[in-house]
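Chemist: Following this message is one structure expressed as structure tokens.
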Amino acid sequence: MSEISPFERRAPQPPARRDRIPLGIVLMIASTLLFTVMSAISTWLTETYPIGEVLFTRAAIALAACALIVLPRRGRAVFRTQRVSHHGMRSISQAFSQSFILIAFSMMPFAGVVAISFTAPLFATLLAALLLHERVGPTRWTALLVGFVGVLIMTTPDADMFQVGALFALGNAVLYASVTVAVRGMTATESTETLIMYQVTFLTLLFAPLLLLGFVMPTWIAAGAMVASGLLNVLAQYFWTRSLHLAPASAVTPFYYVSLIWAMIAGFLVWSDVPTLALLAGSAIVTGSGLFLLWRESGRI
1148 MSEISPFERR APQPPARRDR IPLGIVLMIA STLLFTVMSA ISTWLTETYP
1198 IGEVLFTRAA IALAACALIV LPRRGRAVFR TQRVSHHGMR SISQAFSQSF
1248 ILIAFSMMPF AGVVAISFTA PLFATLLAAL LLHERVGPTR WTALLVGFVG
1298 VLIMTTPDAD MFQVGALFAL GNAVLYASVT VAVRGMTATE STETLIMYQV
1348 TFLTLLFAPL LLLGFVMPTW IAAGAMVASG LLNVLAQYFW TRSLHLAPAS
1398 AVTPFYYVSL IWAMIAGFLV WSDVPTLALL AGSAIVTGSG LFLLWRESGR
1448 I
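Numbering (the numbering used here), first residue to last: 1148 to 1448.
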């Protein structure tokens, strides 16, 4: 019989989970704003610094921030789990997801990448129904499909959409969906702090070898941007993970669509990208579907 890892002994049993869908939705929307700002900073950094360096510094700073906040309160107990392998597989998927979207951002307009990534909620809902056996009722399916129609309008075929960058954006969407479902399944036994600590630890280890592919000493401004990116990453990941603790994935992931609003603002302010009519029309549809779902879910609680 193989020896049990010390981190796998005496895993604490979390209290019974009670869905709080409206709060989960609010946290998901907040996470989209923070993720967008973080992505804009990271994309700006990749114009000068290697993608591997940007990914590693972001993860390492997030790890340091989490350690300073979580370890004084939880100590080594935060690492006690019976699902180390699940944390590892989830982190590998997330590492590829984060790499793919940064590559896509470096090759395509900012809002275009975000628009393509909006296929993630559809994949997440399908996976949640298949793997977690979550009930996806007619209201959620309707809101999700209407939102996806909005995405199709935003991504009206043109030369910019069909390129290598679009494939990386789509790959990120599929991986993001798998991570979303994995985290929702793990919240049944893992605390938010445990999920985040394992995530930032594994991501830092996974991204470290990328430094061998290139490293550029950052300026003071760039170093400050890297620190800000890492701190925003921690807060965004906490809100996102907590959102999945509080509500089914099929209820909160449609609000990932709100990222488009932040992406259009960031694209205009940083890169002077002017939103197209299709982008504006699609954003109105997906925002409307999200608000309708929020009204429906709030009325049921």
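Note that the Cβ used here is the ideal one computed from N, Cα and C, for glycine as well.
1) How far does the alpha helix (DSSP H) with Ser1186 in it reach, from first residue to last?
2) Once you ignore the five residues that flank Thr1190 on each side, which residues in its own chain have a CB closer than 6 Å to its CB?
3) Does the segment 1201 to 1213 come close enough to the segment 1371 to 1381 that 3 or more CB-CB pairs lie under 8 Å?
4) Look at the Cβ atom of Ser1390, then the Cβ atom of Ser1240, and state whether they are nearer than 8 Å.
5) Using 8 Å as the threshold, is the C-beta distance between Thr1341 and Thr1228 below it?
6) Can you tell me whether Arg1220 is helix, strand or coil according to DSSP?
7) Among Leu1277, Val1296 and Arg1205, whose alpha-carbon lies nearest the alpha-carbon of Gln1245?
8) Any idea if Thr1366 is buried or exposed, counting beta-carbon neighbours within 10 angstroms, 16 or more meaning buried?
9) If the criterion is Cβ atoms closer than 8 Å, does the pair Ala1242 and Phe1402 meet it?
10) Counting pairs of Cβ atoms below 8 Å between the segment 1344 to 1351 and the segment 1212 to 1228, do you hit three or more?
11) Please state whether DSSP places Glu1340 in a helix, a strand or coil.
12) Return the residue from the list Met1185, His1234, Phe1203 and Leu1192 that minimises the CA-CA distance to Arg1331.
13) Output the boundary residues of the alpha helix (DSSP H) element that contains Ser1376.
14) Whole angstroms is fine: what's the gap from Phe1257's alpha carbon to Met1185's?
15) Would you kindly work out how many angstroms separate the C-alpha atoms of Gly1222 and Leu1181, rounded to a whole number?
16) From Thr1348, Gly1361, Val1231 and Ala1262, pick the residue whose C-alpha is nearest to that of Met1411; which is it?
17) Could you tell me if Val1363 is buried or exposed, where buried requires 16 or more neighbouring beta carbons within 10 angstroms of its beta carbon?
18) Rounded to whole angstroms, what is the Cα-Cα separation between Pro1422 and Ala1431?
19) Check Gln1229 in the structure and name its three-state DSSP category.
20) So, using beta-carbon positions, are Val1260 and Ile1248 closer together than 8 Å?
21) Within the same chain, show all residues whose beta-carbon is closer than 7 Å to that of Leu1183, passing over the 5 residues directly before and after it, in chain order.
22) To the nearest angstrom, how far is the alpha carbon of Ser1264 from that of Pro1219?
23) Given a threshold of 16 other Cβ atoms within 10 Å of its Cβ, counted over all protein chains shown, does Ala1335 qualify as buried or as exposed?
24) What residue range is occupied by the uninterrupted alpha helix (DSSP H) comprising Gly1361?
25) Kindly indicate if chain B contains any beta-carbon less than 8 Å away from that of Leu1426.
26) Got a sec? Which residues, its chain only, sit under 7 Å from Phe1270 by beta carbon, not counting five neighbours each side?
27) Counting C-beta neighbours from all protein chains within 10 Å, is the total for Phe1309 16 or more, i.e. buried, or is it exposed?
28) What's the C-alpha gap between Ala1372 and Leu1192?
29) Could you give the first and the last residue of the continuous alpha helix (DSSP H) run that contains Phe1265?
30) Grouping DSSP H, G and I as helix and E and B as strand, with all else coil, what is His1234?
31) Would you call the CB atoms of Pro1527 and Leu1352 closer than 8 Å?
Modeler: Let's see:
1) Ile1168 to Thr1193
2) Phe1252
3) yes
4) no
5) yes
6) helix
7) Arg1205
8) exposed
9) no
10) yes
11) helix
12) His1234
13) Trp1367 to Leu1393
14) 12 Å
15) 27 Å
16) Ala1262
17) exposed
18) 13 Å
19) coil
20) yes
21) Reading off the sequence, residue 1183 comes out as Thr, not Leu. If we look at Thr1183 and ignore the five residues flanking it on each side, its Cβ neighbours are Ser1406, Trp1409, Ala1410 and Ala1413.
22) 37 Å
23) exposed
24) It is not in any alpha helix (DSSP H) - Gly1361 carries neither H nor E in the DSSP assignment.
25) Of the protein chains in the structure, only one exists, and it is not chain B.
26) Ala1320, Val1321 and Ala1324
27) Summary for Phe1309: the model assigns pLDDT 49, below 50, so the residue's position carries little reliability, and this model does not support an answer.
28) 8 Å
29) Looking at the DSSP string, Phe1265 is not in any alpha helix (DSSP H), and its letter there is neither H nor E.
30) helix
31) The requested residue 1527 is not part of the displayed model; the chain covers only 1148 to 1448.
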